[in-house]
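This report refers to the structure that appears directly beneath it.
Residue numbers (the numbering used here), protein chains in the order written: chain A, 16 to 269; chain B, 64 to 452.
This is the structure we're talking about:
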């Protein structure tokens with residue numbers, strides 16, 4: 016038979032691998048080099064889980080200005096929030112004033128999200144009673160933008176964001192020295208941001224943005240490519256657990 | 064930078080400027096833990112041409128400098144800083160020969176020396192406010208000269224007392240100059256073809272910090288009634304030398320001479336109130352810096368670079384210390400050598416990505432390194448990304 020049945024070959028290789036590979040025990044993995052690095056990262060996460068989730072929430076937001084010919088947009092950030100954290104989110108942006116004369120364009124935006132997987136988590140209080148875990152993620156803000164030339168706009172604005180989580184695990188998550196029995200935090204901050212939006216193709220914009228949070232003195236930077244529907248970007252958090260966070264989002268203009 | 068100006072009106076045209084610079088690296092010292100330097104700088108500015116001979120520039124910079132090898136004495140490798148800088152400048156062309164610039168600027172720096180410190184509570188946080196006047200003249204097509212006069216006031220809201228720092232055993236270098244002061248600068252700059260040179264005098268008059276003296280004063284302290292005053296004289300020279308169409312070399316040289324009427328009292332233990340040794344003119348030094356950067360244009364998108372720098376700093380009166388923090392004979396001298404190499408990729412006219420490798424080493428006869436490093440070497444490998452419009 017000349018033609019190779021690739022489907023059969025792939026299934027055979029996968030099955031053989033599963034047959035030959037012994038499932039690693041948790042303590043073997045914890046003592047491995049990769050395991051130790053992950054445990055260190057996990058311990059750093061437990062030092063300030065609110066900061067980690069607040070940085071992830073930033074990926075759900077987009078405060079860059081709407082194209083001047085559009086009136087509004089809906090946006091869904093699918094990575095790294097919906098995937099892999101099941102963090103469903105939706106943000107909306109509406110233009111309330113066009114750019115004309117000395118007046119800038121003004122857009123209002125709002126975002127809301129929730130981690131769906133938490134609904135399946137068994138959570139209990141100190142008395143052993145089952146309680147519902149809670150998570151809220153929302154933000155709202157205003158952006159003013161002004162056209163500088165046919166391809167470039169500068170923008171700036173202010174936003175308020177809040178991320179809260181309250182969950183106590185019935186069974187703690189343990190791996191080596193990493194021991195997570197609960198996550199409780201409430202992080203909220205008002206931030207100022209400014210940036211530049213540049214048309215780099217027929218249907219493509221590049222957005223560069225810097226932000227500064229008043230309460231936590233948090234610096235963020237963003238570089239984003241905006242296509243007709245897809246957005247690819249990088250958020251940079253100099254003091255975050257993950258310094259560079261790539262993100263992928265989908266938007267609809269109307 | 065592509066500057067397409069936007070006509071706000073018949074007389075006013077505005078051009079924006081934005082720059083994002085991000086550096087991420089790993090530094091491996093010969094002793095101590097690995098460091099993970101990370102620097103992020105964002106600049107946003109607007110330049111407006113108001114009429115034919117006048118332009119106004121507004122500029123904001125937000126800069127984060129993470130841990131890593133430092134060049135300045137008195138800084139620990141784990142120090143992190145966050146700077147907010149705001150500048151407004153007006154440039155007026157008076158006639159064909161003279162240009163006058165006036166500038167207002169504000170800077171706020173936050174410092175974190177430990178992982179658990181919160182921004183805004185750093186001992187060495189400061190804010191600087193001031194203005195400057197710059198008068199330039201085009202003497203000939205290739206010859207330009209400029210005189211400048213600047214005034215700044217620097218406040219350290221969290222810093223308290225120099226003597227208390229000494230008694231606590233903190234390193235004198237980390238607390239040097241960290242007191243409220245007024246700074247006066249007079250400068251001269253000249254450019255002739257590819258050559259440029261500058262000279263400057265900076266006077267730092269402290270508003271509250273008194274001079275530490277050798278004998279106990281009537282009030283029971285070692286402070287005299289005289290206020291601290293420092294002076295820094297700097298001379299710089301450099302040349303941009305093109306070799307053929309593809310090679311650029313820019314040798315540079317700098318000399319610094321610092322004098323201060325501040326002195327030093329050595330307390331043996333952190334809780335001691337009786338000093339064991341007095342050193343006058345403790346902060347006076349001379350410094351020579353030499354740098355030789357080299358750039359080779361490989362193609363339209365690729366560049367190769369290499370650079371080497373030497374810094375020699377010699378104190379005129381300060382003796383070095385041994386590992387037990389005891390002064391020994393001689394005068395403290397610190398020598399730094401930094402060399403680096405790498406490649407830069409220019410994907411388009413607004414982005415540059417640089418891959419670099421750098422060595423930094425310092426040797427000093429100062430052997431007390433409990434708080435700050437003086438004898439070390441290390442390598443840094445990293446990537447730098449720049450987006451500029």
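From the three backbone atoms N, C-alpha and C, an ideal C-beta is built for every residue, glycine too.
Because the structure is a prediction, the values reported are computed rather than measured.
- In the three-state reduction of the DSSP assignment, residue 66 of chain A falls in the helix class.
- In this structure, the alpha-carbon of residue 310 of chain B lies about 5 Å from that of residue 359 of chain B.
- About 11 Å separates the Cβ atoms of residue 262 of chain A and residue 70 of chain A, ruling out a contact at the 8 Å cut-off.
- A Cβ-Cβ separation of about 4 Å places residue 170 of chain B in contact with residue 191 of chain B under the 8 Å criterion.
- Within a 10 Å sphere around the beta-carbon of residue 110 of chain A sit 16 or more other beta-carbons, which makes this residue buried.
- Annotated three-state conformation of residue 431 of chain B is coil, per DSSP.
- With a threshold of 8 Å between beta carbons, residue 142 of chain B makes no contact with chain A.
- In chain order, 229, 338, 339, 340, 341, 342 and 390 place their CB closer than 8 Å to the CB of residue 329 of chain B, counting only its own chain and leaving out the 5 sequence neighbours on each side.
- Residues of the stretch 143-170 of chain A with a C-beta atom less than 9 Å from some C-beta of chain B are 161, 162, 163, 164, 165, 166, 167, 168 and 169, listed in chain order.
- Closer than 8 Å to the CB of residue 97 of chain B there is not a single CB belonging to chain A.
- At a cut-off of 8 Å, the C-beta of residue 245 of chain A has no neighbouring C-beta in chain B.
- Burial of residue 376 of chain B is indicated by the presence of at least 16 other C-beta atoms within 10 angstroms of its C-beta.
- Close partners of residue 220 of chain A in chain B (Cβ separation under 8 Å) are lacking, with about 12 Å as the shortest Cβ gap.
- Using a CB distance cut-off of 8 Å, residue 293 of chain B does not count as an interface residue toward chain A.
- Around the beta carbon of residue 384 of chain B, 16 or more other beta carbons lie within 10 angstroms, which makes this residue buried.
- Contact annotation: residue 411 of chain B and residue 86 of chain B have beta-carbon atoms that are not nearer than 8 Å.
- Residue pairing by DSSP puts residue 181 of chain A in a beta bridge opposite A/149 and A/199.
- In the DSSP assignment, residue 172 of chain A forms a beta bridge with A/158 and A/208.
- Boundaries of the alpha helix (DSSP H) around residue 98 of chain A: 97-100.
- Listed along chain B, the residues sitting closer than 8 Å to residue 209 of chain A by beta-carbon distance are 107 and 123.
- The shortest CA-to-CA distance from residue 223 of chain B to any of B/251, B/189, B/196 and B/215 is the one to B/189.
- Annotated as proximal: residue 130 of chain B and residue 100 of chain B, with beta-carbon spacing under 8 Å.
- For the pair of segments examined, the stretch 89-105 of chain B was found not to touch the stretch 163-180 of chain A: the number of CB pairs separated by less than 8 Å stays below three.
- Contact note: residue 260 of chain A does not reach chain B at a C-beta cutoff of 8 Å; the least C-beta distance is about 13 Å.
- Contacts between residue 232 of chain A and chain B, judged by CB atoms closer than 9 Å, involve 145, 173, 181, 182 and 183 in chain order.
- One finds nothing in chain A with a Cβ atom closer than 7 Å to the Cβ of residue 169 of chain B; even the nearest lies about 15 Å away.
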